Amino acid sequence: MALQGFGDIARLLVLNTDSYKTSHWRQYPPGTTTVFSYIEARGGALPYTVFFGLQAILKEYLVKPVTADDVAFATEICAAHGVPFNREGWQHIVDAHGGRLPLRIRAVAEGTVVPINHALATVENTDPACWWLTSYVETALLRVWYPTTVASQGLATRRLIAGALARTGDPAGLPFKLHDFGARGVSSLESAMLGGMAHLVNFRGTDTITALLGARTYYGEPMAGFSLPAAEHSTITAWGRAGELDAYRNMLRQYGRPGALLAVVSDSYDLDAAVSRLWGGALREEVIASGATVVIRPDSGDPTSVVLRTVRALDASFGADVNAKGFRVLRHVRVIQGDGITRESIASILGALESAGYSADNVTFGQGGALLQQVHRDTLGFAMKASAAQVGGEWRDVFKAPVTDPAKRSKAGRLTLMRRANDSSQAFATVRLDSPGYQQALADGATEALRTVFEDGRLLVDDSFAAIRARVGGEC
48 MALQGFGDIA RLLVLNTDSY KTSHWRQYPP GTTTVFSYIE ARGGALPYTV FFGLQAILKE
108 YLVKPVTADD VAFATEICAA HGVPFNREGW QHIVDAHGGR LPLRIRAVAE GTVVPINHAL
168 ATVENTDPAC WWLTSYVETA LLRVWYPTTV ASQGLATRRL IAGALARTGD PAGLPFKLHD
228 FGARGVSSLE SAMLGGMAHL VNFRGTDTIT ALLGARTYYG EPMAGFSLPA AEHSTITAWG
288 RAGELDAYRN MLRQYGRPGA LLAVVSDSYD LDAAVSRLWG GALREEVIAS GATVVIRPDS
348 GDPTSVVLRT VRALDASFGA DVNAKGFRVL RHVRVIQGDG ITRESIASIL GALESAGYSA
408 DNVTFGQGGA LLQQVHRDTL GFAMKASAAQ VGGEWRDVFK APVTDPAKRS KAGRLTLMRR
468 ANDSSQAFAT VRLDSPGYQQ ALADGATEAL RTVFEDGRLL VDDSFAAIRA RVGGEC
């Protein structure tokens, strides 16, 4: 087949699976016509999830019809690999459905905050000849764990910073308080795109350009995030140690305009000297005259003590105003901490500033590895499990209940997620479609939180990024 490179091959749905799944079509009981599965987060670092990223996965991998060439290529690869391949089944999809997948996928609206241990999505085949397809696509679909986990962690950080701003500063600055530095620290361009988009569900600051392209491509957002001119160590140290002052002055002259923001890493040699003698001494009047806000970036040392020390030194040089909440806000300058940033260190830094009488307005955080890379599928315990099968015309429960790990017991039956008519954390309930609880929930005014987003190869819901942001809890 005519493939241009690895990217083309990797996007073939027929091979976007685990090797053992290619043998599963022969393993279900005779007479199986439907398999019903669900996706959930079983729990871990947080008590809730922010569901996000399924639309991007569907658009990229599931809406493109499978072709006869795809089937022939997969047959060749699996034969060489030593595993069976359901060539007849896939060819049936090509012949009977024009290559479109006979699946129904229902999912909670992206951006919805859902407590753990609830069905976030369900998958079932719509063609009785394709009972095996539900499980086959698990590998591709379950990767929704990654953007969902990043978005969920982002909401926790957003709530933390929002609390500090509510006590000490201006909540309007929240969208730009956490900046994505993670593009270089992830394993692939696609990870940067998916994780970077997930960050932008909660914040607006990013240096991950591919996330902007993903939000434009998959969610119709013209510009999801923003950045500013910023120095790196090489653009400072290239001037030599004796030229450090000239390097900083060059940044001011290139980008220092009234109302502008520019960030300058300042720990290449001696942070304290750079803050007090250079920024707060030799360059003080130029900073003020520029009309810009200069954001000083420490990049080494203990984050909590370094940020507080830097803020105090800048206060001594540039002064500060006391806001209506009684906390000091620096004039002309700010601080961004981009080294060693985790949710724990953010809490520590904000706590130290508050205790010293400084507003959270004074600091922004840049996060890299801990934002996009230090997560995994078990961070929130993601799994996709079969819960029901129709065999010989009868539905039967499908579940596992391992004695060795009761926490891995899976749900049984055809499931949906109900939302009661209130906003409490108990508003959601995962129920069986064939249970009295489902009918009672409807009678009590509950609504189905799952909606059909994909059916028979076609995307039925195309959400905007703005709508997703609003669901998380307001415009960021």
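Under this note's numbering, the first residue of the sequence shown is numbered 48, with each subsequent residue one higher. The beta carbon of each residue, even a glycine, is placed where N, CA and C say it ideally should be. Being a predicted model, the structure only gives us computed values, none of them experimental.
By DSSP's assignment, D444 forms a beta bridge with A435. With a cutoff of 7 angstroms on beta-carbon distance, Y302 and L330 are scored as not near each other. Straight through space, the alpha carbons of T181 and H139 are spaced by roughly 15 angstroms. Listed in chain order, the non-local C-beta contacts of V97 below 7 angstroms within the same chain comprise G158, V160, T195, A198, S199, L202, V248 and V519, local neighbours out to five positions each way being set aside. K224 sits buried, since 16 or more C-beta atoms from the chains shown fall within 10 Å of its C-beta. One Cα belongs to G216, the other to A403, and the distance between them is close to 14 angstroms. A distance below 7 angstroms separates the beta carbons of D444 and A459.
Counting C-beta pairs closer than 8 angstroms gives three or more between the stretch 500-518 and the stretch 142-156, which meets the contact rule. Here T389 is not near A371, since their CB atoms are 7 angstroms or more apart. Excluding sequence positions up to five before and after K447, its CB lies within less than 6 angstroms of the CB of S457, all in the same chain and listed in chain order. Judged by DSSP secondary structure, L60 falls outside any beta strand (DSSP E); it is assigned neither H nor E.
Contact check for I383 against V342 passes: the beta carbons are separated by less than 7 angstroms. Restricting attention to alpha helix (DSSP H) runs no shorter than 4 residues, the stretch 451-495 encloses them at 483-490, ordered along the chain. In chain order, V312, S315 and D346 place their CB closer than 8 angstroms to the CB of H280, counting only its own chain and leaving out the 5 sequence neighbours on each side. Residue pairing by DSSP places I86 opposite A168 and M431 in a beta bridge. Between T169 and Y85, the CB-CB gap stays under 7 angstroms.
7 angstroms or more divides the Cβ of T351 from the Cβ of V322. When DSSP assignments are scanned along the stretch 271-352, the uninterrupted stretches of alpha helix (DSSP H) that are 4 or more residues long and fall wholly within it turn out to be 280-284, 291-302 and 331-337. For Y193, no beta strand (DSSP E) encloses it; the enclosing alpha helix (DSSP H) starts and ends at W192 to T215. About 15 angstroms separates the beta carbon of G267 from that of A258, a gap too long to meet the 8 angstroms contact definition. For T264, no beta strand (DSSP E) encloses it; the enclosing alpha helix (DSSP H) starts and ends at I256 to Y266.
Secondary-structure assignment with DSSP links D227 through a beta bridge to T253 and Q414.
A residue is called buried when at least 16 other Cβ atoms come within 10 angstroms of its Cβ; E171 meets this threshold and is buried. Fewer than three Cβ pairs drawn from the stretch 427-445 and the stretch 392-402 lie within less than 8 angstroms of each other, which leaves the two stretches out of contact. With a beta-carbon spacing of about 5 angstroms, R378 and F365 fall inside the 8 angstroms limit used to define contacts. Distance between L236 and L419, taken at the CA atoms: about 12 angstroms.
Closest in C-alpha terms to G90, from the list A433, R424 and R466, comes R424. Secondary structure of I515 (DSSP, three-state): helix. Taking 7 angstroms as the cut-off, the beta carbon of V155 is found no closer than this to the beta carbon of L480.
About 40 angstroms separates the Cβ atoms of A187 and L308, ruling out a contact at the 8 angstroms cut-off. Under DSSP, R381 shares a beta bridge with V342. Of the candidates V508, L507 and T463, the residue whose Cα lies closest to the Cα of Q486 is T463. In the structure shown, the three-state DSSP call for Y67 is helix. G146 and L109 have their C-alpha atoms some 10 angstroms from each other.
Less than 7 angstroms divides the Cβ of Q437 from the Cβ of T80.
Assignment of P175 by DSSP, reduced to helix, strand and coil, places it in the helix class.
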